[in-house]
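Colleague: Going left to right, the sequence shown walks through residues 1 to 303 as UniProt numbering numbers them.
Glycine included, each C-beta is placed from N, C-alpha and C at the ideal position.
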Amino acid sequence: IPGQKVVLITGCSSGIGLRMAVMLAKDEQKRYHVIATMRDLKRKDKLVEAAGDAYGKTLSLAVLDVCNDESVKQCFDGIKDRHVDVLINNAGIGLVGPIESIPIEEMKKVFETNFFGVIRMIKEVMPDMKKRKGGHIIVVSSVMGLQGVVFNDVYAASKFAMEGFCESLAVQLLKFNVTLSLIEPGPVRTEFETKMIEEVKQKECPGADPDTVHYFKNVYLPSSIDIFETLGQTPDDIARCTKKVIEASRPRFRNLTNPLYTPIVALKYADETGGLSVHAFYHMLFNLGPLMHISMTVMKSNV
C-alpha cells in the first residue's frame, strides 16, 4: 500500500520481537507493513496466532538468521526493491554465569548474534537508506549496555560494543538524514528469561571455585529473580516504547524504557573514577541481597 512504511524486525518468534511485530501490524491507521523474521519458521505459530487477521495483510513472515551472510542477503532479496523504511534489530541471546565456567566458543556465539548480527543487518540496509536520504535503524540494546551487571559479563560486553558502534555510526548517518535509535530495556519478563534462569540453576559450573558458585547460585540468582518479578516490564511495554520512537518527529538516540534505571546510569557519570558504581553494585548484591529479597517479597504482596 502506498504510504505504508516497511518495517523489518529480527527475532520475532517470541518475547519482545513478537509483540513489536503484532503491535505495528495492528496499527489502527495501517501505517506499517511488517516483515517479521525468525531463524526457523516452524516457530511461527505463536506470532501468527497473536497477529490474528493482520497476518497476510499488514504482517508477512520471512526466514532470517542474523548470523548468516547468505540468509540475510536472501531475506533482503525477497523484499520488493529491497526497500526497508525501519529496521528493528531485536534478535539477541543471553549468557549468565561465572566466567571461569563459560567456554570461549559460547562467548563468541553471543557476540555473533548480539553484535555482528546487528552489523550484518545494518550493512544491508544502510546503502539504500543513505541513497534515499531517509530511514530509521533501531537497535534493541539493554541497560547492560550502559552499566555492567555482575555475572552478565559477556552479555554486557556485547551490548557495550553495540552502544559504542551505534554512537559512532549515528554521527555519520545524521548527515544522510538516517536516524539511529537505541532501545534500552531493564529486566523484561519473557519466557526467554524464565527458561534461562531455570536452566542456569541446574547447571554445574565447572572450573569455578565453590565461593563463586555459591555467590552466583545462592545470592545473585534469587536477587535477579526478585528483580525480574517486581521491577520487570512486559514485552508489550518495550513494544509500545519502540512504536513511540518510530512515530516521534525527532526520535531520541537513547531510550531507557524503565525510569527506575535512570539513577543507576547516573551513578556512573556522577563519579568518573567508577568507584561509586562498583561499590554501589557490590553493596546491592552482597550486603543488601538478603534484605532486598525481603523488601521485594513485601512489594510483591502489596502489588
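Tell me which residue opens and which closes the alpha helix (DSSP H) that residue 247 is part of.
Modeller: Its alpha helix (DSSP H) spans residues 235 to 247.
Colleague: Can you list, in chain order, the stretches of the beta strand (DSSP E) that have 3 or more residues and sit fully within the stretch 93 to 178?
Modeller: Within the stretch 93 to 178, the complete beta strand (DSSP E) runs of at least 3 residues are 136 to 140.
Colleague: Excluding five sequence neighbours on each side, which residues of the same chain lie with their C-beta closer than 8 Å to the C-beta of residue 16?
Modeller: For residue 16, where only same-chain residues beyond five positions count, the Cβ hits under 8 Å are 90, 140, 185, 188, 190, 235, 238 and 239.
Colleague: Between residue 106 and residue 94, what straight-line distance do the alpha-carbon atoms span, to the nearest angstrom?
Modeller: The alpha-carbon atoms of residue 106 and residue 94 are separated by roughly 10 Å.
Colleague: Tell me the residue span of the beta strand (DSSP E) that contains residue 33.
Modeller: Taken as a continuous stretch (DSSP letters only), the beta strand (DSSP E) holding residue 33 covers 32 to 38.
Colleague: One question on the structure: do residue 75 and residue 63 come within less than 8 Å of each other, judged by their Cβ atoms?
Modeller: In contact: residue 75 and residue 63 (Cβ atoms closer than 8 Å).
Colleague: Helix, strand or coil: which one does DSSP assign to residue 183?
Modeller: In the structure shown, residue 183 sits in a strand (DSSP, three-state: E or B).
Colleague: For residue 6 versus residue 24, is the C-beta spacing smaller than 8 Å?
Modeller: Not a contact, by the Cβ cut-off of 8 Å.
Colleague: Should the stretch 113 to 121 be called in touch with the stretch 160 to 169, which here means at least 3 C-beta pairs below 8 Å?
Modeller: Judged by Cβ distances under 8 Å, the stretch 113 to 121 makes contact with the stretch 160 to 169, as three or more pairs qualify.
Colleague: Is residue 80 helix, strand or coil by DSSP?
Modeller: Helix.
Colleague: Under 6 Å Cβ to Cβ from residue 207, same chain only, skipping five residues before and after it: list those, please.
Modeller: Correct list, in chain order: 100 and 101.
Colleague: Tell me where the alpha helix (DSSP H) around residue 19 begins and ends.
Modeller: It spans 15 to 25 - the alpha helix (DSSP H) in which residue 19 sits, taken as one unbroken run.
Colleague: Just to confirm, are residue 309 and residue 137 a CB contact at a threshold of 8 Å?
Modeller: The displayed coordinates of the chain run from 1 to 303. Any statement about residue 309 would go beyond what the structure contains.
Colleague: In whole angstroms, what is the alpha-carbon distance linking residue 183 and residue 195?
Modeller: Those two C-alpha atoms are separated by around 23 Å.
Colleague: For the putative contact between residue 267 and residue 223, defined by C-beta atoms under 8 Å, what is the C-beta separation to the nearest angstrom?
Modeller: Incorrect: roughly 18 Å between the Cβ atoms, too far for contact.
Colleague: Under 8 Å between the Cβ atoms of residue 155 and residue 110?
Modeller: In this structure, residue 110 lies closer than 8 Å to residue 155 by Cβ.
Colleague: Could you tell me the alpha carbon to alpha carbon distance between residue 249 and residue 130, rounded to whole angstroms?
Modeller: So the alpha carbons of these two residues sit roughly 19 Å apart.
Colleague: Kindly indicate which three-state DSSP category residue 48 falls into: helix, strand or coil?
Modeller: Residue state, collapsed to three classes: helix.
Colleague: Suppose contacts are defined by Cβ-Cβ distances below 8 Å. Is residue 231 in contact with residue 197 by that definition?
Modeller: Their beta carbons are not under 8 Å apart, which means residue 231 does not touch residue 197 by this criterion.
Colleague: Between the Cα of residue 92 and those of 219, 22 and 13, spot the shortest distance and give me the residue it belongs to.
Modeller: Selected option, being the one with the closest Cα: 13.
Colleague: DSSP state of residue 219, grouped into three classes?
Modeller: Here residue 219 sits in helix by DSSP.
Colleague: What residues in its chain sit with their C-beta under 7 Å from that of residue 243, if we drop five residues either side in the sequence?
Modeller: Excluding sequence neighbours, residue 243 sits near 23 and 24.
Colleague: Would the beta-carbon of residue 241 fall within 8 Å of that of residue 97?
Modeller: No. Outside cutoff.
Colleague: Nearest-angstrom Cα distance between residue 26 and residue 54?
Modeller: Their Cα atoms are separated by approximately 6 Å.
Colleague: Which one or two residues does DSSP pair with residue 62 in a beta bridge?
Modeller: For residue 62, which the question treats as bridged, DSSP gives the partners 37.
Colleague: Need the endpoints of the alpha helix (DSSP H) that residue 265 sits in, please.
Modeller: Segment 262 to 270, the alpha helix (DSSP H) holding residue 265.
Colleague: State the beta-bridge partners of residue 87 as determined by DSSP.
Modeller: Looking at the DSSP assignment, residue 87 forms a beta bridge with 8 and 137.
Colleague: Rounded to whole angstroms, what is the Cα-Cα separation between residue 21 and residue 46?
Modeller: Their Cα atoms are separated by approximately 12 Å.
Colleague: Would you kindly report the start and end of the unbroken beta strand (DSSP E) that includes residue 256?
Modeller: Residues 254 to 256.
Colleague: What number of angstroms, rounded off, separates the C-alpha of residue 202 from the C-alpha of residue 228?
Modeller: Cα to Cα, the separation comes out at about 19 Å.
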